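Chains V, R, F and W supply the protein sequences, listed in that same order. Mapping the first sequence onto the numbering used here, position 259 (from 1) lands on 259, and the numbers just tick up by one. Mapping the second sequence onto the numbering used here, position 192 (from 1) lands on 1192, and the numbers just tick up by one. Mapping the third sequence onto the numbering used here, position 41 (from 1) lands on 2041, and the numbers just tick up by one. Mapping the fourth sequence onto the numbering used here, position 49 (from 1) lands on 3049, and the numbers just tick up by one. For glycine and all other residues, C-beta sits at the position ideal for the given N, C-alpha and C. Predicted model, so just to flag it, every value in this text is computed and none were measured.
There are 4 protein chains.
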Amino acid sequence: MTKTNRREFLRATSLALATAWAGGGAGLAQQAPVSAGALGPALVGDLVAANRILADQGVLDAFGHVSARHDKNPERFVLSRSLAPALVTATDLIEYDLDGRGVNVKGRSEYSERFIHAEIYRARRDVNAVVHAHALSLIPFGVSTTPLRAIYHMAGFIGEGVPIFDIRASSGMTDMLVKDSNKGRALAQVLGNKPAVLMRGHGVAVVGPALPFAVGRSIYLELNARIQAQAMALGGAVTYLDPEEARKIMESGENRSYERAWELWKRKVMTK
Amino acid sequence: MTKTNRREFLRATSLALATAWAGGGAGLAQQAPVSAGALGPALVGDLVAANRILADQGVLDAFGHVSARHDKNPERFVLSRSLAPALVTATDLIEYDLDGRGVNVKGRSEYSERFIHAEIYRARRDVNAVVHAHALSLIPFGVSTTPLRAIYHMAGFIGEGVPIFDIRASSGMTDMLVKDSNKGRALAQVLGNKPAVLMRGHGVAVVGPALPFAVGRSIYLELNARIQAQAMALGGAVTYLDPEEARKIMESGENRSYERAWELWKRKVMTK
Amino acid sequence: MTKTNRREFLRATSLALATAWAGGGAGLAQQAPVSAGALGPALVGDLVAANRILADQGVLDAFGHVSARHDKNPERFVLSRSLAPALVTATDLIEYDLDGRGVNVKGRSEYSERFIHAEIYRARRDVNAVVHAHALSLIPFGVSTTPLRAIYHMAGFIGEGVPIFDIRASSGMTDMLVKDSNKGRALAQVLGNKPAVLMRGHGVAVVGPALPFAVGRSIYLELNARIQAQAMALGGAVTYLDPEEARKIMESGENRSYERAWELWKRKVMTK
Amino acid sequence: MTKTNRREFLRATSLALATAWAGGGAGLAQQAPVSAGALGPALVGDLVAANRILADQGVLDAFGHVSARHDKNPERFVLSRSLAPALVTATDLIEYDLDGRGVNVKGRSEYSERFIHAEIYRARRDVNAVVHAHALSLIPFGVSTTPLRAIYHMAGFIGEGVPIFDIRASSGMTDMLVKDSNKGRALAQVLGNKPAVLMRGHGVAVVGPALPFAVGRSIYLELNARIQAQAMALGGAVTYLDPEEARKIMESGENRSYERAWELWKRKVMTK
């Protein structure tokens, strides 16, 4: 029995078997997990801001999403209901467990790809914020044999390269969406200990120890891609950051923790 | 007698012969067809929104247009008078029959290319919305031997490719405009059962089962073109969506029916 | 005695000889020419709008300018004082004769390249509006051996190609500016009977029978350049408009006289 | 003992030795230098405007900065505290000496790369304004063997080319930042008597005799880079400005001292 068939079977025949299913709770109607309590108000504010910033900066359009790990329980994370990021407010946030089951869905429509977030939070205890985006300039590097490389100091965080997740390798022919725990886990495995993973024919997932990092890395990863494409188009030989330069950039404080940028980005979206 | 000469002749000599003319009613002064009744108010709202959304998203500039099939009679469709899409309001809408004859023109100037819409509605009973655009990134693929291909999951709807209509093939040397029923029919034939057709040296026609689909496909077709051009420019080998991946994307619900995007796009243009 | 030396000599020795000088009155302190009378108010409004439209559409930045031939005397034209086009109002307009001498300068700073306009109006009696711009996408085609060609129906007006004026060919090493009648005349000669002339390492001059034409051609010439560059970058063979197609486009009414676009463009800048 | 080790040693052991240290006062806690007095109010206004203009024009994002030499003492310059340029107001300005020591820091966070400014002001007595930017279109030319060249008349100021500073050449593996006097001096040496220096994998420094020049050159350098990249992409041979043409442009008054543009740029940011 294939995994998909098995899931369909489970769905059709026995909800009681659901928790025993290794693939996680995707799509299975279960009792909602218990809440970890209210998210800290500063984190709520930052998560709402992160949604709007990424839309304003052109990293997210109507699709894609950004989440934060819950500040009271590392087994929970918070993500908007299915909504364009530019429109997200505090009341749209849903708390999830690491199987992608919502605490307070209340019948609202959900992002089908919340498993990207869930499985990365499960695999990476150092990560407290995740962005999933279809940023235009990054998709070419996810479908090309030409690798994305750190070309300037703002992209020191990718000094060790950016892996590419091809969903076809782990799941064969799909609708390209990471919409269950299995696919999320496969993605998290390719991400490894890196700050970002390109998703072939789809987009990117970017992570960080806090929202300003995940947001800032998303923005500068996108700029790095544009700069690299332009540099390659000039035809001459291109000098990339040396891995040691990238390391030193990270050691000396990655882009000053994006504080200066975060203040600007937040101001731009919050006074609109 | 050439077709053009024949039409000129008909125009000059005998309006009574008009309905007998095989080429349709283009340019012929005839009694206006009977109205199918008032368009549903929700559809009016969506059609006005579609005009403004496509302008706001950069798919349409001062030219190009978007129509909807009448919700009370499949032999009618609704299109603005000749006006830049960004300026269209409910009072600008004209009801047309499938020969491109207006029910309520009232002396207003008309889009000369309304036959694109008319003939597609005639040929494709599954289509309820049509966009005709000169989107910048799509025109290159209409004049190049390099085919436009689905490069990411948002463009699963073109998994079977996008045909190119070269008006020269069917009509010889023209002013490039699809301004009579014959030319519209030739275009509809090349479109076939596809969601879009590139028009060589001109633009594109995009169709859908409802306005959000035609609008959403126009927007993501344009993004796919930009991504593909950039991916090809990187010089490496490019992996496109597998036709089966595209099929699965369509089966699992094309871009969630564009609902999330439609809400955002509409909000953006309606609060301006 | 070279032309330049002769002019310097004239300037230094005898203002009385100025009107007898074949090269025009450029830079010569003379009595201001007599006014042709007040410009029609509609033309004033269109000229102010043209300035702002071209800035809003990204054809002009802080530099470049647009003029109209006087509606009461074909030997006069109207141009703003030296000012960024986005800021031009009716009170900034200066009336000039075809030697580039201002009727009502009143000590205001002038565009040094007004001779582009003057000499084109002198050479082309069919022209009633002139744009001089440094539009980004056009400059590459002015410095490259790759010719700009009509690639889509909106650019039918350049079906016979766009000549390139290299100021070096007629004037040797210069500061690149067309700032006297001689240089303006050389430019007008290269323009010939065409709607536009690229200026090597500088920009473009675009003309039309009325402001909406000169403005619309400037905008669509810029778009054509972007489309052509992108089409060429795709690597495949490119099909351009056939000269006969371009001719038919012009015969059937060039872009519907830009009326639909003019209404939109004007609305955009006048409600700001 | 390496330079870095020596500095660390100094810092740890003896502040009294600091002024004797040849590398300048970077990072050393010292008594603040004496102020040169209040900056002229017009210069304050121009410096605030310059910050906002460069952000508005896309030359600076959240990072990068612009400074002006003090109008009362050439040994001092003025720069914002660590803040995104778009947000800078008069109260954010800090006065610095040429060792990068602030007169009135008052505990505020500082730009770590103020030494770019300090050392250029020390080396170039003709310079009264300095911009440091990460403009997207310029970074490719800083990492490529393809040189940036003057391609149109607005870029006459780089007729003699733009040198590239590779921090690796003078300082080996670093975090890429010019954050002490030694690195600033190395940069100033590569800049030489030129108006701009590209910084490999980082950005650019642009200088001028006054703020409108440094700002205007930054903007047009960026445009020149875009035009050159596009011209090269057309595949044909490219004609650049002849050095003599560039010289004549400078002699006849570089871009009319950017007065017309400055007025526009300032208006745009000050009415926001």
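Taking the beta strand (DSSP E) that Leu-2060(F) falls in, what are its first and last residues? First-last for Leu-2060(F): undefined, no H or E at that position.
Mind checking Thr-174(V): buried by the 16 CB within 10 Å criterion, or exposed? Flag for Thr-174(V) reads buried.
So if DSSP puts Ala-2205(F) in a beta bridge, which residue, or which two residues, is it bridged to? In the DSSP assignment, the residues bridged to Ala-2205(F) are His-2132(F), Val-2197(F).
Does the pairing of the region 3142–3161 of chain W with the region 209–224 of chain V give three or more beta-carbon distances under 8 Å? Per the Cβ contact rule, the region 3142–3161 of chain W is not in contact with the region 209–224 of chain V (fewer than 3 Cβ pairs under 8 Å).
Arg-260(V) versus Phe-3063(W) - alpha carbon distance: Going from the Cα of Arg-260(V) to the Cα of Phe-3063(W) covers about 8 Å.
Does any CB atom of chain V fall closer than 8 Å to the CB of Ala-3012(W)? Low local confidence applies: a pLDDT of 39 at Ala-3012(W) is under 50, so the model's placement there is unreliable, and no value is given.
With DSSP as the reference, label Ala-3229(W) as helix, strand or coil. It is helical.
With a cut-off of 8 Å, does the C-beta of Tyr-3152(W) fall near any C-beta of chain F? With 8 Å as the cut-off, Tyr-3152(W) counts as an interface residue toward chain F.
Assuming His-70(V) contacts Ala-118(V) (C-beta within less than 8 Å), just tell me the rounded distance between them. Actually they are not in contact, since the Cβ atoms of His-70(V) and Ala-118(V) sit about 12 Å apart, beyond 8 Å.
For a contact defined as C-beta to C-beta under 9 Å, what are the partners of Leu-221(V) on chain R? Result: empty, since nearest Cβ-Cβ is about 15 Å, beyond 9 Å.
With 16 as the cutoff for other CB atoms within 10 Å, does Met-2270(F) come out buried or exposed? The residue in question, Met-2270(F), is exposed, as its Cβ has fewer than 16 Cβ neighbours within 10 Å.
Looking at the unbroken beta strand (DSSP E) that takes in Val-2066(F), where does it start and where does it end? Per DSSP, Val-2066(F) is one residue of the beta strand (DSSP E) stretching across 2065–2069.
Whose CA, out of Gly-203(V), Leu-264(V), Ala-188(V), Arg-256(V), lies closest to the CA of Arg-282(V)? Beyond the ends of chain V as shown, which are 1 and 272, falls residue 282(V); an answer cannot be given.
Verify the CB distance criterion: does Thr-2098(F) have a CB-CB separation below 8 Å to chain W? Reading the sequence as shown, one finds Leu at residue 2098(F) and not Thr. The beta-carbon of Leu-2098(F) is placed no less than 8 Å from the nearest beta-carbon of chain W.
Should Ala-22(V) be labelled buried (16 or more other beta-carbon atoms within 10 Å of its own) or exposed? Bear in mind that the predicted position of Ala-22(V) carries a pLDDT of just 35, short of 50, making it unreliable; the figure below should be weighed with that in mind. Flag for Ala-22(V) reads exposed.
Answer with yes or no whether the minimum CB distance from Leu-241(V) to chain W is below 8 Å. At a cut-off of 8 Å between beta-carbon atoms, Leu-241(V) makes contact with chain W.
Compare the C-beta of Thr-1271(R) with all C-beta atoms of chain F and state if any pair is closer than 8 Å. Among the residues facing chain F, Thr-1271(R) is not included, as its CB has no counterpart in that chain under 8 Å away.
For Val-78(V), report the span of its beta strand (DSSP E) as first-last. Note, Val-78(V): beta strand (DSSP E), 76–80.
Member of Ser-3252(W), Ser-3109(W), Val-3204(W), Asn-3051(W) whose CA lies at the smallest distance from the CA of Ile-3116(W): Of Ser-3252(W), Ser-3109(W), Val-3204(W), Asn-3051(W), the residue nearest in Cα terms is Val-3204(W).
Residues within the region 2189–2217 of chain F neighbouring chain W, beta-carbon criterion of under 8 Å: So the list reads Arg-2200, Gly-2201, His-2202, Gly-2203, given in the order they occur along the chain.
Glu-3095(W) in three-state terms, based on DSSP: For Glu-3095(W), the secondary structure class from DSSP, reduced to helix, strand or coil, is strand.
For Val-3088(W), write down the residues that DSSP places opposite it in a beta bridge. Partner(s): none; Val-3088(W) has no beta bridge.
Residue burial classification, Asn-255(V) (beta-carbon count within 10 angstroms, cutoff 16): Buried.
Give, in chain order, every residue of the region 2222–2238 of chain F whose Cβ lies closer than 8 Å to some Cβ of chain W. The residues in question are Ala-2229, Met-2232, Ala-2233.
Measure the C-alpha to C-alpha separation of Ser-1137(R) and Glu-1222(R) and round it to an integer number of angstroms. So the two alpha carbons sit approximately 6 Å from each other.
C-beta neighbour in chain F for Ser-1137(R), strict 8 Å: Closer than 8 Å: yes.
Measuring straight from C-alpha to C-alpha, what distance separates Gly-2253(F) and Met-1199(R)? For Gly-2253(F) and Met-1199(R), the distance between alpha carbons rounds to 20 Å.
Relative to the C-alpha of Glu-1075(R), which candidate in Gln-1057(R), Thr-1089(R), Gly-1184(R), Asp-1097(R) has its C-alpha closest? Nearest Cα to Glu-1075(R) within the set Gln-1057(R), Thr-1089(R), Gly-1184(R), Asp-1097(R): Asp-1097(R).
If you reduce the DSSP assignment to three classes, tell me which class Lys-2266(F) lands in. In the three-state reduction of the DSSP assignment, Lys-2266(F) falls in the helix class, which pools H, G and I.
When you compare only the Cα positions, how much space is there between Ser-3218(W) and Asn-224(V)? Taking C-alpha positions only, Ser-3218(W) is separated from Asn-224(V) by approximately 20 Å.
Helix, strand or coil for Val-238(V), going by three-state DSSP, please let me know. Reduced to three states, the DSSP call for Val-238(V) is strand.
Scan the region 112–139 of chain V for residues whose Cβ lies nearer than 8 Å to a Cβ of chain W and list them as they occur along the chain. Against chain W - using a Cβ distance shorter than 8 Å - the region 112–139 of chain V contributes no residues.
8 Å Cβ cutoff, Ser-1080(R) in contact with chain F: So, not an interface residue.
Is any beta-carbon of chain R found at less than 8 Å from that of Ile-2053(F)? Not an interface residue.
Buried or exposed: where does Ala-133(V) fall if 16 or more other Cβ atoms within 10 Å of its Cβ makes it buried? Result: buried.
Could you check how far apart the C-beta atoms of Arg-108(V) and Ala-86(V) are, in whole angstroms? I think they sit under 8 Å. The pair is not a contact, with the Cβ atoms about 18 Å apart (cut-off 8 Å).
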